[in-house]
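Participant:
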Amino acid sequence: MKTLGKLVLTTSVLAVSACSGIDSYSEVEKLNAVEARGSTFTRALANEYRLYSNTQLHDYFDYPDALHFARKGLAAASGENVLPEPVTDWNLDEFHSKQLAAARSRLIIAYDYGARESSPELSAKAQAQFDCWIEVQEEYWTDQSADECRLGFQSSMDQIEAQLVPVEQPEDDNEAAFIEPAPEPAPIEEVAFESEVFDINPEEPMAAENAMYLIFFNWDSAEIGSGALSIVDAVVDEINTTLPSNVSIIGHTDTSGSQAYNERLAVKRAKAAKDKLVERGVSPEMILLDAKGETDLLVPTPDNVREPANRRVNISFQR
Numbered sequence: 156m157k158t159l160g161k162l163v164l165t166t167s168v169l170a171v172s173a174c175s176g177i178d179s180y181s182e183v184e185k186l187n188a189v190e191a192r193g194s195t196f197t198r199a200l201a202n203e204y205r206l207y208s209n210t211q212l213h214d215y216f217d218y219p220d221a222l223h224f225a226r227k228g229l230a231a232a233s234g235e236n237v238l239p240e241p242v243t244d245w246n247l248d249e250f251h252s253k254q255l256a257a258a259r260s261r262l263i264i265a266y267d268y269g270a271r272e273s274s275p276e277l278s279a280k281a282q283a284q285f286d287c288w289i290e291v292q293e294e295y296w297t298d299q300s301a302d303e304c305r306l307g308f309q310s311s312m313d314q315i316e317a318q319l320v321p322v323e324q325p326e327d328d329n330e331a332a333f334i335e336p337a338p339e340p341a342p343i344e345e346v347a348f349e350s351e352v353f354d355i356n357p358e359e360p361m362a363a364e365n366a367m368y369l370i371f372f373n374w375d376s377a378e379i380g381s382g383a384l385s386i387v388d389a390v391v392d393e394i395n396t397t398l399p400s401n402v403s404i405i406g407h408t409d410t411s412g413s414q415a416y417n418e419r420l421a422v423k424r425a426k427a428a429k430d431k432l433v434e435r436g437v438s439p440e441m442i443l444l445d446a447k448g449e450t451d452l453l454v455p456t457p458d459n460v461r462e463p464a465n466r467r468v469n470i471s472f473q474r
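So that you can map any letter, position 118 of the sequence shown is 273 in the working numbering, and since no number is skipped, the others follow by simple counting.
Okay, here's the thing in structure tokens:
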């Protein structure tokens, strides 16, 4: 997103940059003057975006990004739970796209566990650091340039996850519920896994058979949360655009609990994803269900480990 602010070679680009500069000053000043309301999280998030948009405007003269983040700050100041940047909106190479998708999923999972309420200031800081990381990563395409934001995000997430309290689940199918301590979080740079993001260049659509979408789940749950519905909608768009012959849905779990229990849970997750697609008009006849339980881990772990990245459904397409 920084490209526009850096190109000064033609009159047309200069004109756009000048216009963006005027808009940026206006929106940043609005954010500076507004009195944030809403939850502790949204107020803290508005402040984080205020600091970041001012830095983009006054220190780097990056008018488009100053405008963008000022608008996110104004939305947060109005009480809206603004989400971290979608990875698809940024021009990244494949490795960094996967790396940032993993980081974003880590933050969203923490939100699903109540991090906005239990650690509002830290959650706001983590989101701003994630947005900083993705913005800097796109501009410079090097790990070193993005290190400050990336390491800040990791530090904030470590603190957030340490404060999350696991909730004991009820017994299911006469099998005892299980609670294990959360593992030490793996460094984000080592968690390189497939995400809903594969099409690095939106001008060149990806072949349907190469596309892969993931839906993540809370521990011991087959419920598709509101945050994952955008992925379901993206899958439906992909189906309507590429018209595949079949849609493959594979359910997975982490290694916590018994293997038999996890096999059943993986089936429930696959069926939940199918139900959401059918609700949106996808023919059930074209959907192929499978379940791997804990036998096909995205992030390898020992037995009896609660790993958020392994609690997922993979959705892919066949011609």
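We treat Cβ as the ideally placed atom computed from N, Cα and C, and that holds for glycine.
Leaving out five residues on either side along the sequence, give the residues of the same chain with a beta carbon under 8 Å from the beta carbon of F371.
Facilitator: S260, I263, I264, A383, P463, A464, R466 and R467, listed in sequence order.
Participant: Under 8 Å by Cβ, that's how I've got S252 and V242 pegged, so tell me the actual separation to the nearest angstrom.
Facilitator: With a Cβ gap of about 6 Å, S252 and V242 count as contacting.
Participant: Is S376 helix, strand or coil by DSSP?
Facilitator: In this structure, S376 counts as coil in the three-state DSSP scheme.
Participant: Assign Q211 to buried or exposed, taking buried as 16 or more other Cβ atoms, counted over all protein chains shown, within 10 Å of its Cβ.
Facilitator: Q211 is buried by the Cβ-count criterion.
Participant: So the alpha helix (DSSP H) R261 belongs to, where does it begin and stop?
Facilitator: Note, R261: alpha helix (DSSP H), E249 to D267.
Participant: Residue range of the beta strand (DSSP E) that R467 falls in?
Facilitator: R467 -> beta strand (DSSP E) spans R467 to Q473.
Participant: With H, G and I counted as helix, E and B as strand and the rest as coil, what does DSSP make of G448?
Facilitator: Strand.
Participant: Here's the rule: buried if 16 or more other CB atoms are within 10 angstroms of the residue's CB, otherwise exposed. What is Y416?
Facilitator: That one is buried.
Participant: Please list the terminal residues of the continuous beta strand (DSSP E) segment that includes N401.
Facilitator: N401 -> beta strand (DSSP E) spans N401 to H407.
Participant: Please report the straight-line C-alpha distance between I289 and E240, rounded to a whole angstrom.
Facilitator: The alpha-carbon atoms of I289 and E240 are separated by roughly 8 Å.
Participant: Assuming V183 and A221 are in contact, meaning their beta carbons sit under 8 Å apart, how far apart are those beta carbons, in whole angstroms?
Facilitator: Yes, V183 and A221 are in contact; Cβ-Cβ is about 6 Å, under 8 Å.
Participant: So, helix, strand or coil for L369, using DSSP?
Facilitator: Looking at L369 - three-state DSSP - the assignment turns out to be strand.
Participant: Using 8 Å as the cut-off, can you tell me whether the region 393-400 makes contact with the region 442-451, which would need three or more C-beta pairs spanning the two stretches below that distance?
Facilitator: Too few Cβ pairs lie closer than 8 Å, so no.
Participant: Out of T410, Q282 and E203, point me to the one whose CA is closest to P455's CA.
Facilitator: It is T410.
Participant: How is L124 classed by DSSP in three states: helix, strand or coil?
Facilitator: Because the chain here runs from 156 to 474, residue 124 falls outside it and cannot be looked at.
Participant: Would F285 be called buried (16 or more neighbouring beta carbons within 10 Å of its own) or exposed?
Facilitator: By the 10 Å Cβ count, F285 comes out buried.
Participant: Would you say S471 lies against chain D (beta-carbon separation less than 8 Å)?
Facilitator: Reference to chain D is not applicable here, since this structure consists of a single protein chain.
Participant: Can you grab the Cα-Cα spacing for the pair F224 / S208, in whole Å?
Facilitator: Computed Cα separation, rounded: 6 Å.
Participant: Verify whether the separation of the beta carbon atoms of L422 and A446 is less than 8 Å.
Facilitator: Reading the sequence as shown, one finds Val at residue 422 and not Leu. Closer than 8 Å, so yes.
Participant: According to DSSP, I442 sits in a beta bridge with which residue or residues?
Facilitator: Looking at the DSSP assignment, I442 forms a beta bridge with V402.
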